[in-house]
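Residue numbers (my numbering), protein chains in the order written: chain A, 1 to 324; chain B, 325 to 687.
In what follows, a single structure is set out as structure tokens and then discussed.
Here's what the structure looks like:
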């Protein structure tokens, strides 16, 4: 299988869906002529032109609202946010319009839109550019939320998100754009609502999404190597809908769980996962549920320290050892 | 009441002679009168039941502004779309929605246009190119831009009439939208219904402007105009010019239409009379500038309709509104199960996607 960068896996998904469906177009700041701030859309404008790759002014509320309106009439916009952090200036359009229009119209109007972009800390750009809004958005019934950790997942999930008839908020990661992964030549789709067991193990379960799943995977490797402990790593991939079955099956097998989450702890995605485990399979637990989240403060700038603010292998290992 | 009161300012231009109006048949003119009365009576009847505590939430009455929705929406073709804010009953009826589905929505019933899930501020009828009914001030404006974008993207000749109030012009998304509409040549027509009060704050206390609000469009290279809202002929003539600009040049327009609401911002607005505006002012508009009476007088003067016929239309539409209340009263409320329907398309249709993963998180 070809080894390609995460960003190029997304790029392939856009190209394939643009070619497949004339209603698909991609809009955002500098997505066309500039090739995208993170080069995720590079080459697409040359290939597909102004109609399918639309450079928007710096008006997130304006162009996200435009995309929602266009989707009501049957278009399938893919909207790039240069940073998901910038969703704050477009929150009304995302929450009230994309999130509520189907409901408030009694199901008469659909909003088949994808909003995507990087949603991560760890790049020393300060608090305003380092938000992880997946938990904010997953709190809204009507929105779907997806987070891709690998190139393979990014492509398969993106193609599904574009074809989905509900609004999908797609979380990417600037630290992962350059990571290479195997992506098959032939077409494939990954359903929303299906987690991926990134590593099998019988002693303890780590559950995370996005880059946190990869950090958990590293921690699992270290535990296996140094202590012979086999951790199972579940990558949620989709946050809403969520693969409850995969979570419960794994915890019922290992009886111990550490939730790894780049969200802040208060009402983070892991808080919801913990609730589900506690509600559904309390008796299966041999130890309290533990969490490793981003340290609870706005993202610090200082590069060396910010790395420690995010979940680290060391913190995951330490939490695991507390309950093993 | 066929004579013109002395205080009424007669427009120096007779817009009845504009081609779009000269082509109106007697039947067309009577239909406009019927629409005016429909909206007026729908809301009068709704108000009565709202005051009896039979409805929830807010009721933002359009009474006094009917000529704007009726005049503009009388011009819509196959690919012309409408979106508006929360004062949406008039536009809904003007595009052809039925009183039953609208009244049932106010009563929170399953037979309502939004199945009782939207309420007064959220009427929708996409089959009539009517995209709501939106509660957040100016939140609908980028959506209207997007509807116009989609019309153009699909290669259709059409437009979107995006309505907003004089209060909404101070929201940032309006200017993001103006910029994009002009930059990308989108066929959107922004109609500012200037009723002079942004909730309980007068125009002069809420907006900085030189001569009028629409003039702000100048900075975006968008053609603008102002119209006297009580004259349906003028509303139609100026809106038609904008629609033709959208259809033929794919260019936006900002059209400010002067109008007046007889009631408060919402029914709950206790200070609208004698508070932020005087009782005399309201009386003046009711007596001299009521758009229903102005049009009634006009068509009677033209000999299109007799006073008795106009009275009959008034009566019939009131009866229709009363019947709509009966329909609403006899309709069921939504089931508790319906609370979680119409959230996700894929779940409602039970598609493969809708059956994969957990979508809802009840306790």
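Using N, Cα and C, we set each Cβ at its ideal position, and we do this for glycine too.
Against chain B, a Cβ distance below 9 Å from residue 194/A picks out 680 and 681. Selection 60/A, 3/A, 7/A and 2/A evaluated against residue 172/A yields 7/A as nearest (Cα-Cα). The three-state reading of DSSP puts residue 168/A in strand, counting E and B together. A distance below 7 Å between beta-carbons, with the five flanking residues on each side excluded, links residue 420/B to the following residues of its chain, in chain order: 452. DSSP, read as helix, strand or coil, puts residue 14/A in helix. The beta carbon of residue 93/A sits closer than 8 Å to some beta carbon of chain B. Per DSSP, residue 59/A lies in no beta strand (DSSP E) and is assigned neither H nor E. Among the residues facing chain A, residue 561/B is not included, as its CB has no counterpart in that chain under 8 Å away. In this structure, the straight-line span from the alpha carbon of residue 29/A to that of residue 284/A is close to 49 Å. Taking 8 Å as the threshold, the shortest C-beta distance from residue 492/B to chain A does not fall below it.
Between residue 404/B and chain A, the shortest Cβ-Cβ separation is not below 8 Å. Under the three-state reduction of DSSP output, residue 563/B falls in the helix class. Around residue 462/B, the same chain offers 488, 492, 495, 497 and 498 as residues with beta carbons nearer than 7 Å, after the five sequence neighbours per side are excluded. For the segment 66-77 of chain A, the set of residues with a beta-carbon nearer than 9 Å to any beta-carbon of chain B comprises 66, 67, 68, 69, 70, 71, 72, 73, 74, 75 and 77, in chain order. Within chain A, 57, 59 and 62 have C-beta atoms less than 8 Å from the C-beta of residue 503/B, given in sequence order. When DSSP reads this structure, residue 25/A sits in a beta bridge with 77/A. Residue range 244-254 is occupied by the alpha helix (DSSP H) that includes residue 250/A.
Using a CB distance cut-off of 8 Å, residue 147/A does not count as an interface residue toward chain B. Residue 183/A is positioned such that its CB atom lies no closer than 8 Å to that of residue 206/A.
Listed along the chain, the chain B residues whose CB falls inside 9 Å of the CB of residue 324/A amount to none; the nearest CB is some 29 Å away. Residues of chain A with a Cβ closer than 8 Å to the Cβ of residue 439/B are, in chain order, 106 and 107. Residue 364/B and residue 430/B have their C-alpha atoms some 16 Å from each other.
At a cut-off of 8 Å between beta carbons, residue 173/A makes no contact with chain B. In this structure the segment 513-531 of chain B does not touch the segment 608-622 of chain B; the number of beta carbon pairs closer than 8 Å is below three. Closest in C-alpha terms to residue 387/B, from the list 406/B, 403/B, 359/B and 399/B, comes 359/B. The segment 145-226 of chain A contains, as complete alpha helix (DSSP H) runs of 4+ residues, the segments 151-163 (chain order). Listed along chain B, the residues sitting closer than 7 Å to residue 96/A by beta-carbon distance are 460 and 463. Runs of the alpha helix (DSSP H) spanning 4 or more residues and lying entirely within the segment 245-305 of chain A occur at 269-281, in chain order. Excluding residues up to 5 positions away in sequence, 516, 548, 549, 550, 578, 579 and 580 lie with their Cβ nearer than 8 Å to the Cβ of residue 538/B in the same chain. In summary, no residue of the segment 639-652 of chain B has a CB separated from any CB of chain A by less than 7 Å.
Under the DSSP definition of a beta bridge, residue 552/B partners with 582/B.
Around residue 103/A, the beta-carbon contacts reaching into chain B at under 7 Å are 441, 666 and 667. Burial is judged here by how many other beta carbons sit within 10 angstroms of a residue's own beta carbon; residue 57/A has fewer than 16 and is exposed.
Of all C-beta pairs linking the segment 443-457 of chain B to the segment 368-385 of chain B, three or more are shorter than 8 Å, placing the two stretches in contact. Interface residue (Cβ-Cβ distance to chain B less than 8 Å): residue 110/A is classified as such. For residue 415/B, the uninterrupted alpha helix (DSSP H) run begins and ends at 413-418, by DSSP.
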